[in-house]
Amino acid sequence: MLPTSLFDYELPPELIARYPAERRDGSRMMVLDRITGETEIHPFSDILNYLSPGDAIICNNTKVCRGRMFARKGGNADGAKFEILLVEPHNGIPGEWNCMVKPGKRAKDGVHAVLLEQDGSLNAEGIGFTFINRNGDDTFHIRFDHSDDAAIQERFGHIPLPPYLNRDAEKEDNERYQTVYASRPGAVAAPTAGLHFTPEILTGAVNKGVAVAELTLHVGPGTFKPVSAEYAEEHKMHFEEFILPADVADLANTTRKRGSKVLAVGTTTVRVLESCCDSTGFLTPRSGRTDIFLHPPYKAVSADMLLTNFHLPCSTLLMLVSCFCEREMVIAAYRKAVENKMRFYSYGDCMLLK
6 MLPTSLFDYE LPPELIARYP AERRDGSRMM VLDRITGETE IHPFSDILNY
56 LSPGDAIICN NTKVCRGRMF ARKGGNADGA KFEILLVEPH NGIPGEWNCM
106 VKPGKRAKDG VHAVLLEQDG SLNAEGIGFT FINRNGDDTF HIRFDHSDDA
156 AIQERFGHIP LPPYLNRDAE KEDNERYQTV YASRPGAVAA PTAGLHFTPE
206 ILTGAVNKGV AVAELTLHVG PGTFKPVSAE YAEEHKMHFE EFILPADVAD
256 LANTTRKRGS KVLAVGTTTV RVLESCCDST GFLTPRSGRT DIFLHPPYKA
306 VSADMLLTNF HLPCSTLLML VSCFCEREMV IAAYRKAVEN KMRFYSYGDC
356 MLLK
């Protein structure tokens with residue numbers, strides 16, 4: 006059994022990056038040698054120095070939905086206030102969603118709530134949703150009054166920032182909490198390792214002879230769920246929808262077959278790759294849902310390098326990173342990051358494991 010406490014570390018609260026860096030590529034990057042454990046700190050813009058012609062970068066192109074919304078019960082200005090977070094469409098039906106609700110105790114079957122505008126006022130048309138029933142996983146099935154999901158989110162939705170940022174979304178977050186290649190809506194959280202890339206860096210990679218490819222994993226709210234169990238094996242993972250296209254699987258397979266390297270951008274990319282490979286790392290294209298939980302002593306076999314942000318103590322994401330090199334090396338690198346006052350979490354600095 007793997008004690009969760011092995012993945013704990015001390016983080017001064019002031020090192021949590023509550024806002025993005027002035028420039029996407031303006032963050033720092035800790036480079037960790039997976040064999041020796043040695044670390045160096047560079048500007049993120051140096052990342053192309055660690056890639057060679059023939060290598061491949063694989064990113065997650067999911068797009069964060071504006072899925073955080075507020076509503077009043079019955080359309081009354083003094084009615085009970087609900088906060089909802091859209092998690093996934095309910096059985097693919099337009100206008101119907103599974104969502105998280107606060108406070109859940111007031112979300113009774115049949116209750117109708119009217120959505121609030123961006124300024125917090127009730128919308129004049131009375132557009133809202135009805136609670137259908139509570140699902141078995143503590144989410145709620147709701148039905149919007151209209152089936153145009155994109156229009157509902159555009160008008161009433163807010164970007165759902167991670168709870169540890171301890172602030173409401175601001176106008177800047179609509180752009181900065183998305184990767185520049187985000188194209189497939191469906192996530193409730195950004196694949197944050199990709200936030201550092203700019204179009205110029207991606208173009209530079211291609212000009213260098215490095216392939217850039219995309220897969221999809223719609224990040225769910227479970228990504229923020231702490232591991233409260235004493236042992237990692239007792240933690241229940243969440244399901245997330247994913248797509249690994251055939252051309253991306255072929256690219257990764259041929260890249261590694263000729264001795265070049267695959268760089269996985271983010272833990273979400275790794276979750277897809279490891280869900281679709283055999284014990285040798287050979288990938289087969291697939292789509293579906295995965296609840297894969299990667300933690301030591303498992304060793305990642307589908308990628309040669311990992312770019313990732315710094316993660317919460319005792320989190321499943323930190324455990325996943327420890328599948329790329331020894332846990333002790335990862336924790337030591339985190340302590341060095343703290344000593345060097347690097348910025349942590351979604352809007353923070355990053356780490357390249359090579």
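According to our numbering, the sequence shown is numbered sequentially starting from 6. All C-beta atoms, glycine included, are put in the ideal place defined by N, C-alpha and C.
In or out: Asn140 buried (at least 16 other Cβ within 10 Å) or exposed?
Exposed: under 16 other Cβ atoms inside 10 Å.
Alpha carbon to alpha carbon, what distance is there between Val36 and Pro48?
Going from the Cα of Pro48 to the Cα of Val36 covers about 10 Å.
Distance CB(Thr197)-CB(Gly271) smaller than 8 Å:
Yes. Within cutoff.
Helix, strand or coil for Ala254 per DSSP?
DSSP places Ala254 in helix when its eight states are reduced to three.
Which of the three DSSP states is assigned to Phe244 in this structure?
It is coil, neither helix nor strand.
DSSP on Leu7, reduced to helix/strand/coil?
Here DSSP, grouped into helix, strand and coil, assigns Leu7 to coil.
Sort out for me which residues DSSP pairs Cys282 with in a bridge.
Beta-bridge partners of Cys282 (DSSP): Leu288.
Count Cβ pairs between the region 115-125 and the region 62-82 that sit closer than 8 Å; are there 3 or more?
Cβ pair count under 8 Å is three or more, so yes.
With which residues is Glu45 paired in a DSSP beta bridge?
For Glu45, which the question treats as bridged, DSSP gives the partners Val36.
Ranges of the alpha helix (DSSP H) found wholly within the region 157-187, counting only runs of at least 4:
As far as the region 157-187 is concerned, its whole alpha helix (DSSP H) runs of at least 4 residues are 178-181.
According to the neighbour-count rule (16 or more other Cβ atoms, all chains shown, within 10 Å of its Cβ), is Pro167 buried or exposed?
With 16 or more Cβ atoms within 10 Å of its Cβ, Pro167 is classed as buried.
With distances taken from CA atoms, which of Ser292, Glu130, Ala305, Glu101 is nearest Ala254?
Checking every option, the nearest Cα to that of Ala254 belongs to Ser292.
Roughly how many whole angstroms lie between the Cα atoms of Cys5 and Glu27?
Since the displayed the chain opens at 6 and closes at 359, residue 5 lies outside it and no answer follows.
Is the distance from the Cβ of Tyr339 to the Cβ of Tyr55 below 8 Å?
No, these two residues do not count as a Cβ contact at 8 Å.
Do you know offhand how far Phe12's Cα is from Val343's?
The C-alpha of Val343 is placed about 15 Å away from the C-alpha of Phe12.
Quick check on the DSSP output: the alpha helix (DSSP H) that includes Glu344 runs from which residue to which?
Its alpha helix (DSSP H) spans residues 332-344.
Given this structure, state the Cα-to-Cα distance separating Thr289 from Ala61, to the nearest angstrom.
Whole-angstrom Cα-Cα distance: 17 Å.
Let me know the beta strand (DSSP E) ranges lying completely inside the region 54-97, each 3 residues or longer, listed in chain order.
For the region 54-97, the continuous beta strand (DSSP E) assignments of 3+ residues that do not extend past its boundaries occur at 61-65, 67-69, 73-78, 86-94, in sequence order.
Determine the extent of the beta strand (DSSP E) in which Asn103 is found, giving its start and end residues.
Annotation: the continuous beta strand (DSSP E) that includes Asn103 extends over 101-107.
Length of the line joining the Cα atoms of Val193 and Phe244
Val193 and Phe244 have their C-alpha atoms roughly 13 Å apart.
Pull up the CB-CB distance for Asp30 and Ser50, whole angstroms please, since I reckon it's below 8 Å.
Cβ atoms of Asp30 and Ser50 come within 8 Å of each other, at about 5 Å.
Three-state secondary structure assigned by DSSP to Thr203
In this structure, Thr203 counts as coil in the three-state DSSP scheme.
To which residues does DSSP link Asn138 through a beta bridge?
In the DSSP secondary-structure assignment, Asn138 is bridged to His146.
If you reduce the DSSP assignment to three classes, tell me which class Phe12 lands in.
DSSP, reduced to helix, strand and coil, places Phe12 within a helical segment of the structure shown.
Taking the alpha-carbon positions, what's the Gly227 to Met242 distance?
Here the alpha carbon of Gly227 sits roughly 7 Å from the alpha carbon of Met242.
Look at the alpha carbon of Pro301 and the alpha carbon of Arg33, and state the distance between them as a whole number of angstroms.
Their backbone Cα atoms lie some 27 Å apart in a straight line.
Where Ser284 and Tyr303 are concerned, what is the direct C-alpha to C-alpha distance, given to the nearest angstrom?
Near 11 Å, if we compare the C-alpha coordinates of Tyr303 and Ser284.
Backbone secondary structure at Glu27 - three-state DSSP:
Glu27 falls in the coil class under three-state DSSP.
So what's Val217 in DSSP terms, helix, strand or just coil?
In the structure shown, Val217 sits in a strand (DSSP, three-state: E or B).
Counted within 10 angstroms of its Cβ, other Cβ atoms place Arg172 as buried (16 or more) or exposed
Classification for Arg172: exposed.
Using the Cα positions of Asn258 and Tyr24, report the straight-line distance between them to the nearest angstrom.
If I take the Cα positions, the gap works out to 37 Å.
Counted within 10 angstroms of its Cβ, other Cβ atoms place Glu65 as buried (16 or more) or exposed:
Per the sequence shown, the amino acid found at residue 65 is Asn instead of Glu. Result: buried.
Skipping 5 residues on each side, what residues in its chain have a beta carbon closer than 6 Å to that of His240?
If we look at His240 and ignore the five residues flanking it on each side, its Cβ neighbours are Val232, Ala234.
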